[in-house]
Amino acid sequence: MRFTKLAVFGMGAVFAFGACSGAASPGASGGGGGGGIAIKIGIELPMTGGEAPNGVPTANGVQLAIQDIKVPGFTVTINQQDDAVNGKHNANQGAKNMSTLANDSQVVFVVGPYNSSVATAEIPVSNANGLMQCSPANTAVELTKPWGTAKPTDLRKTNPDKITYVRVATTDDNQGAGMADIAYNTIGAKTVYLLDDTQTYGKGLADAFGNTFTKFGGQVLKRDGVSDKTTDFTSYVTTAKGLNPAAVAYGGVTTSGLGLFRKQMAAQGLQTIPFVGGDGVVDGSFATASSFLQIAGDGDTNSYGTVAAIHDIPNAADFASKYKAKFNTDPGSYSAPGYACTQIFLQALKAVGTGVTDLGQLREKIRAYVADPANKYDTVLGTFNFDKDGDTSQHVISYYKYDPAKKDWGYFKQRDFTADPVK
Amino acid sequence: MTTAAAAPSRRTSFDAGRWRGPLIVAGFLLAAYALMVVSAGAQAQDQFINALTIGAIYALIALGYTMVYGIIELINFAHGEIFMVGSFVSWGLLTSLGFTGAINDPVVLAGVLVLAFIVSMVVMGVVGVVIERVAYRPLRNAPRLAPLITAIGVSFILQNIVFVTISNSIVTVPQVMPNTALTFGPIAIREINLFVIVLALSLMVALQAFVTRTTLGRAMRSTAMDREAAQLMGVDINSTIALTFFIGSALAGAAGVVQGLYFGVTHFQIGFQAGLKAFTAAVLGGIGNTTGAAIGGFVIGFIEVLTSSFGYGRWSDAAVFGTLVLVLIFRPTGILGQQLADRA
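Here is the structure:
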């Protein structure tokens with residue numbers, strides 16, 4: 019364990035240093051009066067192990083925005099935290115990181131986390147400290163709105179009326195509806211076998227899928243949950259064989275075994291049954307280490323996934339080329355949302371930061387600005403605002419299908435679920 | 458270990474004693490199959506094979522727990538990690554030999570399999586002996602708690618070594634066995650499942666024969682029964698205990714190879730979960746008892762598959778550990794423990 023922490027700390031330090039020197043030089047040449055007040059944006063994402071394909075491209079989006087957009091009077095650097103422990107996202111580590119960020123007086127805004135279960139542990143901390151966080155990727159409904167028996171006020175214990183959490187990704191009721199749309203309308207499946215990984219995100223997503231799929235007129239033949247720690251999915255695959263559904267839908271992520279499940283489906287000759295997952299499986303191409311596609315192997319064919327963010331962003335080519343120029347690779351699914359979160363922060367800083375020298379005051383002013391539903395943001399994702407709960411007004415889900423020619427996910431459609439009766 | 462000690466007395470008591478065990482096993486299998494027919498219908502046979510296969514893997518790991526406990530009364534928490542490292546050894550071997558998928562030439566396949574098992578078993582056997590020498594032997598006469606803590610320490614060290622030097626996420630292992638189904642009359646079984654089940658059963662039979670029929674086996678049994686008396690009778694205690702660790706770890710190494718062949722993946726943390734299940738199997742069967750460990754492994758395999766087959770997969774772990782609690786309440790020494798301890 020000690021090795022891990024040391025390595026992460028070292029990486030964070032290098033990151034922060036790199037960002038620091040990168041931001042300082044243009045500030046000096048811009049003649050903004052000696053760089054201005056030094057403040058920090060926190061990044062709280064899973065950066066290592068099986069989660070690297072998720073966290074790294076998202077953090078890159080933040081870096082790119084910090085480099086692109088300057089706010090006069092301020093020098094913005096990054097305080098980077100990693101919530102992956104032993105290569106897997108960890109809620110306790112997330113809460114710890116959030117405390118670290120809250121205790122760093124220069125941190126006035128945080129981008130993250132990536133995983134909903136981590137957000138559940140972090141929101142109480144950010145709420146108690148009045149530190150605004152913007153998640154690029156969280157989709158669990160109960161983080162912002164009541165869902166089942168869970169309420170967001172359970173998380174905002176210290177100040178129930180104070181919003182300290184917003185997200186640019188839309189919620190799982192929409193994402194689950196998107197998955198159901200793929201299953202029922204794209205694939206034409208009337209029956210499914212529905213599974214989840216028994217975690218916050220996976221179970222919520224599968225519930226939402228079930229709701230919409232039944233509304234469409236489809237039938238869930240069987241619903242079950244599989245421990246996220248097992249590697250043996252053979253008995254579930256055999257169940258699928260017996261049910262012979264037109265599709266299998268699974269709420270969960272690659273690290274909780276979805277790739278393995280699909281691989282074992284292929285081993286029992288069931289790769290012809292389409293597989294539908296959420297954004298937990300759209301995590302890179304076959305060549306990406308530990309990605310869904312790499313693990314599932316023969317099961318890649320007929321696999322579908324969603325991303326809880328808009329695909330057709332206004333200047334997609336421009337963003338992609340800027341990203342590629344800096345990082346020498348294509349943007350990930352949540353790079354643009356990471357960029358958008360940062361744009362929101364910088365817009366708030368521009369609006370309320372002038373003349374504020376007290377960092378505690380600045381933190382609260384930024385929080386209040388972002389929490390205000392009246393403010394609209396013009397971002398890389400398009401124009402939107404947050405409602406009173408902190409949810410984006412953009413409810414677009416993007417659909418992906420495995421493309422055998424590229425050995426990667428291929429985008430084929432997006433759907434706006436704003437006021438859509440199916441969900 | 459006590460199984461073996463009890464074997465001679467079993468021969469003397471004829472009818473009841475001789476047939477009771479096999480009858481109970483047959484009854485259990487029949488009941489399990491009936492439940493599978495109820496829950497899975499036409500897929501009952503497949504589920505039965507799934508259960509036997511995963512049960513065989515648990516049983517192979519459980520044997521090492523129970524052997525070590527039998528001889529030095531230590532719960533070797535590092536044992537699950539031996540299994541994990543074993544899977545990485547076979548991954549390293551297969552990938553460095555350049556294999557990426559199924560090998561269709563049966564001769565080459567047989568050669569590769571033999572090589573993979575021998576290398577992984579020998580390497581893990583040696584690792585087990587080294588761990589015993591470094592972390593347990595110096596503490597053999599210390600209070601019980603001390604070696605338990607070093608065992609947990611060794612477990613983390615092994616995890617960290619793999620984590621830092623190889624990979625901190627899921628690693629895909631080449632599945633060298635072709636994915637073909639064999640049919641024997643009404644029974645259809647995939648080659649890999651048959652291979653795993655037959656291999657595990659053969660290793661168990663071989664172990665049983667070794668423990669009951671050889672001089673070294675007799676030394677192990679006597680050390681397990683009374684270390685000091687065995688020493689007085691001329692048994693070299695240190696090398697006997699080392700041998701126990703070698704065999705137990707080699708079996709876990711074999712299970713590690715099976716993990717890669719069957720599931721096609723490994724991960725530096727699989728040892729914890731598998732170790733916990735196998736430890737449960739050992740306790741369920743009666744810790745210290747090799748036959749019990751094997752039975753316990755299969756029982757857990759069947760419980761897991763049955764819960765999933767009935768559609769209560771999210772209760773699978775609760776069912777496994779709930780069964781353990783029930784068995785321990787009514788039979789504190791496990792399924793076979795009490796009976797054999799009495800006879801011995």
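Just so you know, the sequences run in chain order A and B. Take the position in the first sequence, starting the count at 1, then add 18; the result is the number in the working numbering. Take the position in the second sequence, starting the count at 1, then add 457; the result is the number in the working numbering. Where a beta carbon is used, it is the ideal one built from N, C-alpha and C, also for glycine.
Let's test the definition: count the other Cβ atoms within 10 Å of the Cβ of residue i and tell me whether it reaches 16, buried, or not, exposed.
i: residue 600/B; result: exposed
i: residue 644/B; result: exposed
i: residue 49/A; result: Because the pLDDT at residue 49/A is just 35, under 50, the model does not fix this residue reliably, and the value given afterwards should be weighed accordingly. By the neighbour-count rule (16 or more Cβ atoms within 10 Å), residue 49/A is not buried but exposed.
i: residue 379/A; result: exposed
i: residue 39/A; result: With a pLDDT of 40 at residue 39/A, under the threshold of 50, the predicted position of this residue should be treated as unreliable, and no value is reported.
i: residue 462/B; result: Residue confidence for residue 462/B is low, a pLDDT of 46 falling below 50, so the modelled location carries little weight and cannot support an answer.
i: residue 336/A; result: exposed
i: residue 237/A; result: exposed
i: residue 693/B; result: exposed
i: residue 437/A; result: exposed
i: residue 538/B; result: buried
i: residue 174/A; result: buried
i: residue 641/B; result: exposed
Cβ closer than 7 Å: which chain B residues qualify as neighbours of residue i?
i: residue 312/A; result: 629
i: residue 301/A; result: None at all; the shortest Cβ gap to chain B is about 11 Å.
i: residue 285/A; result: 636
i: residue 308/A; result: 626, 627
i: residue 66/A; result: 625
i: residue 105/A; result: 625, 626
i: residue 281/A; result: 721
Check whether the Cβ atoms of residue i and residue j lie closer than 8 Å to each other.
i: residue 97/A; j: residue 119/A; result: yes
i: residue 129/A; j: residue 210/A; result: no
i: residue 286/A; j: residue 317/A; result: no
i: residue 713/B; j: residue 544/B; result: yes
i: residue 202/A; j: residue 234/A; result: yes
i: residue 586/B; j: residue 702/B; result: yes
i: residue 125/A; j: residue 101/A; result: no
i: residue 214/A; j: residue 206/A; result: no
i: residue 113/A; j: residue 143/A; result: yes
i: residue 759/B; j: residue 489/B; result: yes
i: residue 99/A; j: residue 57/A; result: no
i: residue 277/A; j: residue 307/A; result: no
i: residue 747/B; j: residue 523/B; result: yes
i: residue 709/B; j: residue 517/B; result: yes
i: residue 181/A; j: residue 161/A; result: no
i: residue 681/B; j: residue 527/B; result: yes
i: residue 296/A; j: residue 260/A; result: no
i: residue 676/B; j: residue 513/B; result: no
i: residue 629/B; j: residue 722/B; result: yes
i: residue 241/A; j: residue 228/A; result: yes
i: residue 76/A; j: residue 105/A; result: no
i: residue 761/B; j: residue 784/B; result: no
i: residue 560/B; j: residue 569/B; result: yes
i: residue 678/B; j: residue 662/B; result: no
What does residue i touch in chain A if you count any residue whose Cβ is under 7 Å from its own?
i: residue 768/B; result: 240, 242
i: residue 773/B; result: 245
Under 8 Å Cβ-Cβ, which residues of chain A neighbour residue i?
i: residue 498/B; result: 260
i: residue 765/B; result: 242, 244, 253, 254, 257
Could you name the residues of chain B that residue i contacts, counting a contact when the two beta carbons are closer than 8 Å?
i: residue 276/A; result: Residues of chain B passing the Cβ test: none, with the nearest at roughly 11 Å.
For residue i, which residues in chain A fall below 9 Å Cβ to Cβ?
i: residue 730/B; result: 245, 247, 248, 249
Would you be able to state if there are at least three C-beta pairs under 8 Å between the stretch 81 to 94 of chain A and the stretch 351 to 361 of chain A? In this structure the stretch 351 to 361 of chain A lies against the stretch 81 to 94 of chain A, because at least three pairs of beta carbons, one per stretch, are closer than 8 Å.
Decide yes or no for the touch test of the stretch 409 to 424 of chain A against the stretch 320 to 340 of chain A: beta carbon pairs closer than 8 Å, at least 3 of them. The stretch 409 to 424 of chain A, when compared against the stretch 320 to 340 of chain A, does touch it at the 8 Å Cβ threshold.
Counting pairs of beta carbons, one from the stretch 716 to 727 of chain B and one from the stretch 616 to 625 of chain B, are three or more of them closer than 8 Å? Below 8 Å, enough C-beta pairs join the stretch 716 to 727 of chain B and the stretch 616 to 625 of chain B to call them touching: three or more.
Which residues of the stretch 239 to 269 of chain A have a Cβ closer than 8 Å to any Cβ of chain B? Give them in chain order. Hits within the stretch, in order: 240, 241, 242, 243, 244, 245, 247, 248, 249, 250, 252, 253, 254, 256, 257, 259, 260.
Closer than 9 Å, Cβ to any Cβ of chain A: which residues of the stretch 581 to 612 of chain B, in chain order? Answer in chain order: no residues at all.
Between the stretch 500 to 512 of chain B and chain A, which residues of the former have CB atoms less than 8 Å from a CB of the latter, in chain order? Of all residues in the stretch 500 to 512 of chain B, only 500, 503, 504, 507, 508, 510, 511 place a beta-carbon less than 8 Å from a beta-carbon of chain A.
For the stretch 713 to 726 of chain B, which residues have a beta carbon sitting closer than 7 Å to at least one beta carbon of chain A? Within the stretch 713 to 726 of chain B, the qualifying residues are 720, 721, 722, 726.
Do the stretch 242 to 256 of chain A and the stretch 488 to 505 of chain B touch if we need at least three Cβ pairs shorter than 8 Å? A contact exists between the stretch 242 to 256 of chain A and the stretch 488 to 505 of chain B.
For the stretch 196 to 210 of chain A, which residues have a beta carbon sitting closer than 9 Å to at least one beta carbon of chain B? Under the 9 Å Cβ criterion, the stretch 196 to 210 of chain A contributes no residue.
Quick check: the stretch 574 to 591 of chain B against the stretch 528 to 546 of chain B, are there 3 or more CB pairs under 8 Å? Yes, the stretch 574 to 591 of chain B touches the stretch 528 to 546 of chain B.
I'd like to know if the stretch 548 to 567 of chain B and the stretch 748 to 756 of chain B are in contact, where contact means that at least 3 CB-CB pairs between them fall below 8 Å. With a cut-off of 8 Å, the stretch 748 to 756 of chain B and the stretch 548 to 567 of chain B do not count as touching, because too few Cβ pairs lie within range.
Below 8 Å between beta carbons is the criterion; list the residues of the stretch 732 to 764 of chain B that meet it against any residue of chain A, in chain order. Result list: 761, 762.
For the stretch 342 to 358 of chain A against the stretch 396 to 404 of chain A, do three or more pairs of beta-carbon atoms, one drawn from each stretch, fall closer than 8 Å, so that the two count as touching? At 8 Å Cβ cutoff, the stretches touch.
Using Cβ-Cβ distances below 7 Å, what residues of the stretch 209 to 224 of chain A are close to chain B? Listed by position, the residues of the stretch 209 to 224 of chain A near chain B (Cβ gap below 7 Å) are 216.
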